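Each remark here refers to the structure printed beneath this line.
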Amino acid sequence: MSTSSKLLVAAIDFGTTYSGYAFSFKHEYETDPLKVCSNNWAAGSRSLVSLKTPTCVLFDKDKVFDSFGYEAEDKYSELAEEEEHQEWYFFRRFKMSLFNKEKRLSEDVKIKSTDGKEMTAIHVFSAAIKFLRGHLLDTLEKRATGVRETDIQWVLTVPAIWDDAAKQFMRVAAEKAGIAREQLLIALEPEAASLYCKHLPVERLQAEGGAQGFVAFSKGSKYLVLDCGGGTVDITVHEVQVDLTLKELYKASGGAWGGTQVDEAYKQLLIKIVGAPTMIKFANVHTADHVDMYREFETKKRAITGDTKGKVTIKIPISLVEMFEEDTDEDIKDSIENTKFSGKINWVGDKCRITAEIFKGLFEAASNNIVAHVTDLLKKHEISNTNNIIMVGGFSESPILQHIIKQAFPHMRVIIPPEAGLAVLKGAVLFGHKPATISSRVAKFTYGVATTMNFNPNIHPPEKKKKYGNQIKCIDIFSKHVEKGQQLKVNEAQSENTYNPVEDEQTSMCFQVYTSTELNPAYVTDEGCEKIGEMEVAMPDTSGGRNRSVMCEMIFGGTELEVKATIKRNGQVTKAKFNFLGSPGKSSS
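Here the working numbering is used: position 151 in the sequence shown is 151, and no number is missing along the way.
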């Protein structure tokens, strides 16, 4: 099994709510794979230390990068307190903008700052990645490691449920941030977490009731990885092979059911008490307090358990109460008495006491979606006899979510590794050292290219008829390369299809690449088909006219699709660039 030849692997876990980086040296990986170094971040005004920093980016009025993480949060809060923030651009929790199914992703797509100003998404994402890359390089320099940047294998994490265009977008953002294309790997978050758990000693995997976990990853073991992050929940199912590599049993799935849904539920609860106008004004006028309020809530999410009874105390800045009472001329206690929360919420000064039932209820929307999805997954015949659930990701550190999952699946062994929130980050480092550990994946879609064939009026609809010189062709034919549900061996060609140019003088062949949710689509215009990009093969020698055959192979080399094209008459191989963010070009037949 191939191992990276680089001296050091550095991974960036770019999360919805928190981000961080970790690294390990090749020689240390070979003796102790779990010897992974991560950074400690000073948590701004709260004087806390954390292993990740908030995914927040601040730009000045000229759209020049200023700061990232806790530093960006604190500086923007200070600017707001001085009323000097209006022209600055502050972005937080912007990663989920790439999960927007309504908007076709391109390098021109814009995202909005917290106060509605726009900037191109690629500029924001690349600035964030550039900061983390620079911070890591500074750390290596301070440690006098002697590592040059060319010695580093970089790994960037993405949710497994993202489409190919979103993965390509992250790759482009990383390149703009200064990471060389040939030194970058994309790691799927639940897969990375799975690799981390694969290396953990059995005695550190605690199951329900303190019992020991299963014998970690002996051949034939099956387990479901439940990766609950801030924005997304990713689920993948693996089986350990004879050579201890991992085979994906069912396509990665999930949804936007992460921890931010709980934050949104908390926000809506407060709005029901103080009203939306007060909450909006509070965020704009007392920005620092607004930030602290959610930091406080974050600690509560990780502290309150499923068994908690009575009431839960949450500190809320006094400035919110004062603003509400000043703007409405009402007392906060009297206001609550007139709502359905009477007797269930007591708010005095900067302390709000709410019943444990209401607090746990904030988790309902997210947890109901997760439980329903896992329940459906476990009914699939491909993953029968899977008895283990491994919970990873920052949201999985919530005792309430852990309790809900254990209650929902009493027949499963639920395993929560130590430092569940770092499982993706550390696992991404392991993936960088040995990507081939994931040996087989399941195709999420049917993949193919748009091509033409000779028109047959008995088969083809008239609207697909098109004339090329003296030829009459049927256009928009879906030429299938990979079928949905097919097992894809990593780095092996899945099929070999041969194509010819439609015109004698054609100097390149541009294949428009499509996915389909169906097993056997006939045309690329059928329902369920989506164009994901294009691949281009240069054919400067036109002496063969239309008799210049090109053999095309689709190779799923890890987490991204690669294309290899061979011109048959001279054996010339072209590694076609797979551009998921491009525009259409000339066709093939």
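C-beta: ideal position from N, C-alpha, C; glycine also.
Bear in mind the structure is a predicted one, so any value in this text is a computation, not a measurement.
Residue burial annotation: Ala160 is buried, with at least 16 other C-beta atoms found within 10 angstroms of its C-beta. Looking at Arg133, Lys61, Arg148 and Thr53, the one whose alpha-carbon comes closest to that of Asp74 is Thr53. Annotation note: the segment 132-173 contains the following uninterrupted beta strand (DSSP E) runs of length 3 or greater, listed N- to C-terminal: 152-158. Gly220 is classed as exposed because its beta carbon has fewer than 16 other beta carbons within 10 Å across all chains shown.
Per DSSP, reduced to three states, the secondary structure at Glu330 is coil, with no helix or strand assignment.
When secondary structure is reduced to three states using DSSP, Met539 falls in the coil class, being assigned neither helix nor strand.
Collapsing the DSSP output to three states places Asn284 in a helix. Under the three-state reduction of DSSP, Asn369 is assigned to helix. Counting every other CB atom within 10 Å of its CB across the protein chains shown gives Pro277 a total below 16, marking it as exposed. Just measuring C-alpha positions, the residue of Tyr499, Gly306, Lys35 and Ser24 sitting nearest Arg569 is Tyr499. By the Cβ criterion, the segment 428-435 is not in contact with the segment 165-184, since fewer than three pairs of Cβ atoms, one from each stretch, lie closer than 8 Å. Remark: C-beta atoms of Val172 and Glu107 approach each other more closely than 8 Å. As a beta-bridge residue in DSSP terms, Met509 pairs with Val537.
Contact between Phe341 and Ile314 does not hold, since their C-beta atoms are separated by about 14 Å, which reaches or exceeds 8 Å. Going by DSSP, Ser77 is part of the alpha helix (DSSP H) stretching over Tyr70 to Glu81. Around the beta-carbon of Ser218, fewer than 16 other beta-carbon atoms lie within 10 Å, marking it exposed.
Shown here for Gly230: same chain residues with a beta carbon closer than 7 Å to its own, the five before and five after excluded, namely Gly15, Thr16, Thr17, Tyr18, Gly258, Gly259, Thr260, Gly394 and Phe395 in chain order. Between the alpha carbons of Ile12 and Glu191 lies a distance of about 15 Å. Taking a contact as a CB-CB distance under 8 Å, the pair Tyr514 and Gly571 does not count as one, their CB atoms being some 28 Å apart. Linking Ala522 to Val550 through their CA atoms gives a straight-line distance of about 22 Å. Only residues of its own chain outside the window of five on either side were considered, and among them Cys474 and Ile477 have a CB closer than 6 Å to the CB of Met453, listed in chain order. The segment 482-496 and the segment 416-424 do not touch, with fewer than 3 CB-CB distances between them shorter than 8 Å. Take the alpha-carbon of Met509 and the one of Asn369: they are about 44 Å apart.
Annotation for Gly255: the continuous beta strand (DSSP E) segment containing it runs Leu246 to Gly255. Short of 7 Å from the beta carbon of Leu519, and not among the five residues preceding or following it, lie these beta carbons of its own chain, in chain order: Thr446, Glu483 and Lys484.
Sorting Leu200, Asp234, Thr574 and Val147 by C-alpha distance to the C-alpha of Ala187 places Asp234 at the top.
Ile389 is a Cβ neighbour of Leu226, given a cutoff of 8 Å. The alpha-carbon of Leu246 is positioned some 12 Å away from that of Lys434.
Judged by DSSP in its simplified three-state form, Gln183 adopts helix.
With a cutoff of 8 Å on beta-carbon distance, Ala72 and Leu58 are scored as near each other.
A straight-line Cα-Cα distance of about 8 Å links Ala177 and Ala128.
Every alpha helix (DSSP H) stretch that sits fully inside the segment 10-56 and reaches 4 residues is listed by chain position as 26-31. In the three-state DSSP reduction, Thr278 falls in the helix class (H, G or I). If you check the CB distance, Glu382 and Leu249 come in under 8 Å.
Rounded to the nearest angstrom, the gap between the Cα atoms of Val36 and Leu425 is 10 Å. A distance below 7 Å between beta-carbons, with the five flanking residues on each side excluded, links Ala365 to the following residues of its chain, in chain order: Gln261 and Ala265.
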